[in-house]
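>
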Amino acid sequence: MPIDTIVFVPGICGSVLVDGEETIWPGTPDQVLFKSYPDRLVNILATSTTIRATDVLRSVPLKLFGQTIYHFSGYGQALKSLEQMGYSEKRGSLVPFPYDWRQDIRESAKTLHTRLSQPDLKGKRVAIVAHSMGGLLARYALEKIGIPAGLNLRLLALLATPHLGAPVAMQNVLGLRPEIFLSAKQCRAALANPAFPSAYQLLPRPGVPVLLAPDPDTGFNILNLFDKAVYEKLKLVPGAVAAAEAFAGALPFIGPGFRSPCPYLAIAGNAQKTVVANYDLPKGITAVDEENSGDGTVPLWSAAPPGLPVRYVAAAHLDVCFDSEAMAMLRAVLRPDLPGGRLFAVNSAEAVTFSLQPVKESVSPGERFIVAVVATETVSSIHLVVELIRVFDKTQKDAPEQVRLDYDGGPVRSIPLEFTAPEKRAVLLFQLFDKDGQKVGGPRSVLVVS
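To get the numbering used here, take the position in the sequence shown, counting from 1, and add 1.
Here it is, written out as structure tokens:
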């Protein structure tokens, strides 16, 4: 039987936050375009107890040279993909769940549980589709609080969810990596309040051996991030570390024999270069990334727990929400009455299409980063052109730079292309063209923030 209603739960940074009448997150395009995200708003993010979530963050329109570029458009596209299956926000069969993503995941889970208890969902066959951190709070709501009485919950779809945490979160809490509109330094400032520990709760859970230090005898030692001596040395926030440890201890490990309160399904990226560990070196904490080890944010070992059925896709972290293979899987389980669903990775009858997928939405000046060319199914030949335009303000842009991609070889679904960010703030616009010079898909953007 088809699912009647979907509740969509976004990940961290994926809801619009308002304080009073002012939009604090993501701010306005004019506040972030070629500028730093205002430190005043960073302080509000870090301290305000009156912030409320008003909507899922669908996209941020950036207007450049008469063209509108929709930056961070993943959740808007995800909702459109679900609407193409027949679900509708207007009719109440598609229910976005915005929440204050700064809060302790356990508190956000209570808010989700309250929403799932509302009368409009009673008598309906309901599924939850959750992305990234949203999957963790959905799990906590169901496993620790329980399915609300009278709710006919048929499925929890966990898209790119870090069940065991993500080593890249260490880079965020230490202020070593930018995130969307926040510079690396601003990330640390925004996460300094132990009252808002959600980013810390994305750290690898205790016992996951991904914080390593060199050792002259054994090669390396495994460090326990939750050991007081370790987190004090790293100058982490003790209260936030405690909240992360408590959350990880409360959420069960999904191993063989795990019994979920309703059917669970995981969709995990496995084709992008991803941070899989951190080394504590004399020069500081250094990220270790590996090719084809995750979705660019969440490692495969975290997104694909051994106790769940898993669909593997080539998409980058945010793009998992609307990847063609991921959507084919969801269509098969949400709308089995419709054509086009595919439970497994079998070639479809549709023509192969390609898309550009930045592994990171924002980068620091001078940073090397990857934009992947991803096919809707495996191919043995790719002949495309990637165009890059560097825009430095509303009147200055570089001439287009074109990178030819000619590949003939074994079957692949994703090819990474490495670029280097300019040494100052910019918007980097990418467009894919076929061999005849026709545009393939829409433009994608990467922000250079400092």
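Even glycine gets a Cβ: it sits at the ideal position worked out from N, Cα and C. Note that the structure is a prediction, hence the values are computed from the model and not measured.
Give the range of the beta strand (DSSP E) segment to which His132 is assigned.
Looking up residue 132 in the sequence shown gives position 131. Its beta strand (DSSP E) spans residues 126 to 132.
> For His72, list the residues DSSP reports as bridge partners.
Position 71 of the sequence shown, counting from 1, holds the residue named residue 72. Val61.
> Using beta-carbon positions only, say whether Tyr76 and Ile106 come within less than 8 angstroms of one another.
The count along the sequence shown starts at 1 and reaches residue 76 at position 75. The count along the sequence shown starts at 1 and reaches residue 106 at position 105. Not in contact: Tyr76 and Ile106 (Cβ atoms no closer than 8 angstroms).
> Mind checking Pro27: buried by the 16 CB within 10 Å criterion, or exposed?
Here residue 27 refers to the residue found at position 26 of the sequence shown. Result: buried.
> Taking the alpha helix (DSSP H) that Tyr232 falls in, what are its first and last residues?
In the sequence shown, the residue the question calls residue 232 occupies position 231. It spans 229 to 234 - the alpha helix (DSSP H) in which Tyr232 sits, taken as one unbroken run.
> Taking the alpha helix (DSSP H) that Leu113 belongs to, which residues open and close that run?
Locating residue 113 in the sequence shown gives position 112, where the first residue counts as 1. Looking at the DSSP string, the run of the alpha helix (DSSP H) that includes Leu113 is 106 to 117.
> Got a sec, what are the start and stop residues for the beta strand (DSSP E) Ile13 sits in?
Residue mapping note: residue 13 aligns to position 12 of the sequence shown, counting from 1. Element bounds for Ile13: n/a, residue is neither H nor E.
> Is the beta carbon of Ala267 less than 8 angstroms from the beta carbon of Val311?
Residue 267 sits at position 266 when you count from the first residue of the sequence shown. Residue 311 sits at position 310 when you count from the first residue of the sequence shown. It is a contact, given that the beta carbons lie within the stated cut-off.
> Mind reading off the beta-carbon distance from Pro366 to Val447? Whole number of angstroms is fine, and I expect it under 8 angstroms.
Position 365 of the sequence shown, counting from 1, holds the residue named residue 366. Position 446 of the sequence shown, counting from 1, holds the residue named residue 447. Between Val447 and Pro366 the Cβ distance is about 12 angstroms, and since that is not below 8 angstroms, they are no contact.
> Would you call the CB atoms of Val277 and Pro306 closer than 8 angstroms?
Residue mapping note: residue 277 aligns to position 276 of the sequence shown, counting from 1. Residue mapping note: residue 306 aligns to position 305 of the sequence shown, counting from 1. Result no, Cβ atoms of Val277 and Pro306 do not sit closer than 8 angstroms.
> In terms of alpha-carbon separation, which member of Leu429, Ala170, Leu344 lies closest to Ile286?
Against the sequence shown, residue 286 aligns to sequence position 285. Comparing Cα positions, the closest option is Ala170.
> Go to Asn222, then tell me how far its beta strand (DSSP E) extends in each direction, as first and last residue.
Translated into the one-based positions of the sequence shown, residue 222 becomes position 221. Note, Asn222: beta strand (DSSP E), 220 to 223.
> Excluding sequence positions up to five away, which residues of its chain have a Cβ less than 6 angstroms from the Cβ of Tyr88?
In the sequence shown, the residue the question calls residue 88 occupies position 87. Excluding sequence neighbours, Tyr88 sits near Ile7, Ser94, Leu95.
> Measure how close the beta-carbons of Val386 and Ser415 come, nearest whole angstrom, since I'm counting them as under 8 angstroms.
Residue mapping note: residue 386 aligns to position 385 of the sequence shown, counting from 1. Residue mapping note: residue 415 aligns to position 414 of the sequence shown, counting from 1. About 17 angstroms; that fails the 8 angstroms criterion.
> Taking the straight line between their C-alpha atoms, what separation do you get for Ser118 and Arg178?
By one-based count along the sequence shown, residue 118 stands at place 117. By one-based count along the sequence shown, residue 178 stands at place 177. Answer to the nearest angstrom: the Cα atoms are 38 angstroms apart.
> For Gly176, count neighbouring C-beta atoms within 10 Å of its own C-beta (all shown protein chains included) and say buried if the count is 16 or more, exposed if not.
The residue labelled residue 176 in the question sits at position 175 within the sequence shown. Answer is buried; the Cβ neighbour count reaches 16.
> Check whether the segment 214 to 231 and the segment 124 to 131 touch, using three or more Cβ-Cβ pairs below 8 angstroms as the test.
no
> Which stretch, first to last residue, makes up the alpha helix (DSSP H) that contains Pro239?
Working through the sequence shown from its first residue, we reach residue 239 at position 238. Where Pro239 is concerned, the enclosing alpha helix (DSSP H) stretches over 239 to 251.
> Whole angstroms are fine: how far does the CA of Leu430 sit from the CA of Thr69?
For this step, residue 69 is matched to residue 68 along the sequence shown. For this step, residue 430 is matched to residue 429 along the sequence shown. When rounded, the distance between both Cα atoms is 11 angstroms.
> Just reading off the beta strand (DSSP E) that Glu378 is part of, what are its end residues?
Within the sequence shown, the letter at position 377 stands for residue 378. Here the beta strand (DSSP E) through Glu378 covers 369 to 392.
> Kindly indicate which residue of Pro423, Gly21, Val380, Gln104 has the alpha-carbon position closest to the one of Ala200.
By 1-based counting over the sequence shown, the position of residue 200 is 199. The shortest Cα separation from Ala200 among Pro423, Gly21, Val380, Gln104 belongs to Gln104.
> Look at Val380 and Lys274 and say whether their C-beta atoms are less than 8 angstroms apart.
Translated into the one-based positions of the sequence shown, residue 380 becomes position 379. Translated into the one-based positions of the sequence shown, residue 274 becomes position 273. Result no, Cβ atoms of Val380 and Lys274 do not sit closer than 8 angstroms.
> Would you mind giving the Cβ-Cβ distance between Gln187 and Val43, rounded to the nearest angstrom? I have them listed as a contact below 8 angstroms.
For the purposes of this step, residue 187 is identified with residue 186 of the sequence shown, where counting begins at 1. For the purposes of this step, residue 43 is identified with residue 42 of the sequence shown, where counting begins at 1. Going by Cβ atoms, the distance from Gln187 to Val43 rounds to 5 angstroms, so yes, they are a contact pair.
> May I ask you to verify whether the segment 138 to 158 touches the segment 222 to 241, counting CB pairs closer than 8 angstroms and requiring at least 3?
no
> Suppose contacts are defined by Cβ-Cβ distances below 8 angstroms. Is Gly270 in contact with Val314 by that definition?
On the sequence shown, position 269 is the one that residue 270 refers to. On the sequence shown, position 313 is the one that residue 314 refers to. Annotated as proximal: Gly270 and Val314, with beta-carbon spacing under 8 angstroms.
> Could you tell me which residues DSSP puts in a beta bridge with Asn153?
For the purposes of this step, residue 153 is taken as the residue at position 152 of the sequence shown. Arg126, per the DSSP bridge assignment.
> Should Thr421 be labelled buried (16 or more other beta-carbon atoms within 10 Å of its own) or exposed?
Residue mapping note: residue 421 aligns to position 420 of the sequence shown, counting from 1. Thr421 is exposed by the Cβ-count criterion.
> Alpha carbon to alpha carbon, how far is Asp409 from Val57?
Residue mapping note: residue 409 aligns to position 408 of the sequence shown, counting from 1. Residue mapping note: residue 57 aligns to position 56 of the sequence shown, counting from 1. Taking the straight line joining both Cα atoms gives about 41 angstroms.
> Contact check, Glu1 vs Gln439 under 8 angstroms by CB: the rounded distance?
The requested residue 1 does not occur in the structure, where the chain is confined to residues 2 to 451.
> Please report the residue range of the beta strand (DSSP E) in which Arg178 lies.
As a first step, residue 178 must be located in the sequence shown, where it is residue number 177. Annotation: Arg178 is outside any beta strand (DSSP E) and is labelled neither H nor E by DSSP.
> Examine the Cβ distances between the segment 239 to 254 and the segment 332 to 348 and report whether three or more of them are shorter than 8 angstroms.
no
> Looking at the structure shown, is Gly360 part of a helix, part of a strand, or coil, going by DSSP?
As a first step, residue 360 is located in the sequence shown; it is residue number 359 there, counting from the start. Correcting the residue identity first, residue 360 is Val in this sequence and not Gly. If DSSP states are grouped into helix, strand and coil, Val360 belongs with coil.
> For Arg206, which three-state DSSP category applies?
Taking the sequence shown and counting its residues from 1, the one referred to as residue 206 is at position 205. In this structure, Arg206 counts as coil in the three-state DSSP scheme.
> Is the distance from the Cβ of Arg116 to the Cβ of Gly166 below 8 angstroms?
Counted from its first residue, the sequence shown places residue 116 at position 115. Counted from its first residue, the sequence shown places residue 166 at position 165. Result no, Cβ atoms of Arg116 and Gly166 do not sit closer than 8 angstroms.
> Do you know whose CA, among Leu309, Ile390, Val353, lies nearest Val404's CA?
Locating residue 404 in the sequence shown gives position 403, where the first residue counts as 1. Checked all of Leu309, Ile390, Val353; the closest Cα to Val404 is Ile390.
> Apart from the five residues on each side of it in sequence, which residues of its chain come closer than 7 angstroms, Cβ to Cβ, to Phe98?
The residue you call residue 98 lines up with position 97 of the sequence shown. These residues qualify, in order along the chain: Val8, Phe9, Val10, Leu113, Arg116.
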